[in-house]
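A.B. asks: Sharing a structure here in structure tokens format.
Residue numbers (the UniProt record's numbering): 1 to 397.
Okay, structure coming up:
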């Protein structure tokens, strides 16, 4: 029996066995949860306050589920087996709730969504796997993609870790030099009745501004960093600005997004799902991006207006021209599933190359910033002393 048949058999059995009892239990359980967990309405300034499972936990989870489903274990049982004895009680509880929902007739992707512990890309791929009867393949793909994402994050952290430690130290040294050392030099010149001019005057002016505003600037920088870290909206705004201004970031993000929905679309279409539905379901894997609306629009035009797939993508989406070209080849040669697989592989390779380019770019930027701070410390601290020396010698003569 296929995984799709097993997944559908559990809801059917529950329906025949207990009628509406399963759904009644679900409603009662959710009402109880609301009473116990929500004494008053919560207001979240940054996001919805729900913490997703860690990437590492998700990799292990999806690898385990994929292996069990491939061994013909039903979805609900696989979830229960993985949850049983798991050290993370929150994860175990969420998986048991998902298994309960599946047994009650709720679709697997909707059960994952109700847990509020997985992002939209994950839910979209789970939906693709459930609809195509290849849920084990969807879980395996998820494990692979999250592993790739973790590797990318590790590269970024490695590139910026040392500069992120050094730069605050350099900033602290700059502030200390402007607040403690430069005023002493200024006092020496005043004691010698020397009037600062040129670069010395500029250095003293910078020192005065630093003494007056450094606390406000430091607090503002901390507030900005915390806001970026906590707010998804601010992150998206910054990401959009970076994509508009920096070519390598735009290419990397576009490659990752296109790889995601193309591989999802291939998974669905190669398992007998209609092309229009494949596009719509694959759009869920890039929900929250411009591709989501574009793909749904292209699917609607393809289905209702009779446009070819390549024309629909060319007119209503912002995919690369290479995607449109290979989709046209797939339509003409009746090899669309092959072309989709080739495109997904091509963008996966492109994303790997762009990740290396991007980490190199980040390293260069942070090193330049560190160099600027070192120069600022040297110039701000020692330049007044060097320039004051000749003046003192002239006065002595």
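Virtual Cβ for every residue (Gly too), placed ideally from N, Cα, C.
Report yes or no: do the segment 285-303 and the segment 153-169 share at least 3 C-beta pairs separated by less than 8 Å?
C.D. replies: Because the criterion of three Cβ pairs below 8 Å is not met, the segment 285-303 and the segment 153-169 do not touch.
A.B. asks: Let's see if you can read the secondary structure: which residues bound the alpha helix (DSSP H) around residue 211?
C.D. replies: Locating residue 211 in the chain shown gives position 211, where the first residue counts as 1. Segment 198-230, the alpha helix (DSSP H) holding residue 211.
A.B. asks: Can you name the start and end residues of the alpha helix (DSSP H) that residue 191 belongs to?
C.D. replies: Taking the chain shown and counting its residues from 1, one reaches residue 191 at position 191. Residues 182-191.
A.B. asks: With a CB to CB cut of under 7 Å and the five nearest residues on each side skipped, what residues in its chain are close to residue 339?
C.D. replies: Against the chain shown, residue 339 aligns to sequence position 339. Contacts found: 326, 327, 329, 330.
A.B. asks: Quick one, which of 348, 363, 189 has its alpha-carbon nearest residue 262's?
C.D. replies: Against the chain shown, residue 262 aligns to sequence position 262. Cα-wise, what sits closest to residue 262 is 348.
A.B. asks: Where do the ends of the alpha helix (DSSP H) carrying residue 307 lie?
C.D. replies: For the purposes of this step, residue 307 is identified with residue 307 of the chain shown, where counting begins at 1. Segment: none, residue 307 is in no alpha helix (DSSP H) and carries neither H nor E.
A.B. asks: For residue 103 and residue 83, which I take to be in contact (beta-carbon distance under 8 Å), what is that distance rounded to the nearest angstrom?
C.D. replies: The residue given as residue 103 occupies position 103 in the chain shown. The residue given as residue 83 occupies position 83 in the chain shown. Between residue 83 and residue 103 the Cβ distance is about 14 Å, and since that is not below 8 Å, they are no contact.
A.B. asks: From this set, 105, 136, 57, 385, which residue's C-alpha is nearest residue 147's C-alpha?
C.D. replies: Position 147 of the chain shown, counting from 1, holds the residue named residue 147. Nearest option by C-alpha distance: 57.
A.B. asks: Helix, strand or coil for residue 319? Go by DSSP, reduced to three states.
C.D. replies: Here the question's residue 319 lines up with position 319 in the chain shown. Looking at residue 319 - three-state DSSP - the assignment turns out to be coil, as it is neither helix nor strand.
A.B. asks: Contact defined as beta carbons within less than 8 Å: I believe residue 273 pairs with residue 107. What is the distance between those atoms, to the nearest angstrom?
C.D. replies: Translated into the one-based positions of the chain shown, residue 273 becomes position 273. Translated into the one-based positions of the chain shown, residue 107 becomes position 107. So it is not a contact: roughly 14 Å between Cβ atoms.
A.B. asks: Mapping DSSP to helix, strand and coil, what is residue 270?
C.D. replies: Position 270 of the chain shown, counting from 1, holds the residue named residue 270. Correct three-state label for residue 270: coil.
A.B. asks: For residue 152, which residues in the same chain have their Cβ closer than 6 Å to its Cβ, ignoring the five residues on either side in sequence?
C.D. replies: Translated into the one-based positions of the chain shown, residue 152 becomes position 152. Excluding sequence neighbours, residue 152 sits near 355.
A.B. asks: On the criterion of 16 or more Cβ atoms from any shown chain inside 10 Å, does residue 241 qualify as buried, or is it exposed?
C.D. replies: What you label residue 241 is simply residue 241 of the chain shown in a count that begins at 1. Classification for residue 241: exposed.
A.B. asks: In this structure, does DSSP put residue 52 in helix, strand or coil?
C.D. replies: Here residue 52 refers to the residue found at position 52 when the chain shown is read from its first residue. DSSP places residue 52 in coil when its eight states are reduced to three.
A.B. asks: Any idea what DSSP makes of residue 357, helix, strand or coil?
C.D. replies: Locating residue 357 in the chain shown gives position 357, where the first residue counts as 1. Residue 357: helix per DSSP, three-state reduction.
A.B. asks: Going by the CB atoms, is the gap between residue 52 and residue 119 shorter than 8 Å?
C.D. replies: If you number the chain shown from 1, residue 119 lands on position 119. If you number the chain shown from 1, residue 52 lands on position 52. Yes, these two residues count as a Cβ contact at 8 Å.
A.B. asks: Would DSSP call residue 88 helix, strand or coil?
C.D. replies: What you label residue 88 is simply residue 88 of the chain shown in a count that begins at 1. Residue 88 falls in the coil class under three-state DSSP.
A.B. asks: Which of the three DSSP states is assigned to residue 133 in this structure?
C.D. replies: As a position in the chain shown, residue 133 is number 133, starting the count at 1. Coil, per DSSP.
A.B. asks: Let me know if residue 257 comes out buried or exposed under the rule of 16 or more other beta-carbons within 10 Å of its beta-carbon.
C.D. replies: Taking the first residue of the chain shown as 1, we reach residue 257 at position 257. With 16 or more other Cβ atoms within 10 Å, it is buried.
A.B. asks: Could you check whether residue 95 and residue 139 sit closer than 8 Å to each other, using their CB atoms as the reference points?
C.D. replies: Your numbering for residue 139 matches position 139 in the chain shown. Your numbering for residue 95 matches position 95 in the chain shown. Cβ atoms of residue 139 and residue 95: not closer than 8 Å.
A.B. asks: Report yes or no: do the segment 165-173 and the segment 372-379 share at least 3 C-beta pairs separated by less than 8 Å?
C.D. replies: Contact between the segment 165-173 and the segment 372-379 is present, because at least three Cβ pairs lie under 8 Å.
A.B. asks: Just the C-alpha distance for residue 333 and residue 109, rounded to the nearest angstrom, thanks.
C.D. replies: Indexing the chain shown from 1 puts residue 333 at position 333. Indexing the chain shown from 1 puts residue 109 at position 109. About 33 Å.
A.B. asks: Indicate whether residue 266 and residue 344 have their beta-carbon atoms separated by less than 8 Å.
C.D. replies: For this step, residue 266 is matched to residue 266 along the chain shown. For this step, residue 344 is matched to residue 344 along the chain shown. Yes, the Cβ-Cβ distance between residue 266 and residue 344 is below 8 Å.
A.B. asks: Mind checking which residues open and close the alpha helix (DSSP H) that includes residue 77?
C.D. replies: Here residue 77 refers to the residue found at position 77 when the chain shown is read from its first residue. 75-83 is the span of the alpha helix (DSSP H), which, as asked, contains residue 77.
A.B. asks: Measure the CB-CB distance between residue 199 and residue 383 and report whether it falls below 8 Å.
C.D. replies: Counting from one through the chain shown, the residue named residue 199 turns up at place 199. Counting from one through the chain shown, the residue named residue 383 turns up at place 383. Result yes, Cβ atoms of residue 199 and residue 383 sit closer than 8 Å.
A.B. asks: Here's the rule I'm using: 16 or more other beta-carbon atoms within 10 Å means buried, otherwise exposed. How should residue 124 be labelled?
C.D. replies: Against the chain shown, residue 124 aligns to sequence position 124. Label assigned to residue 124: buried.
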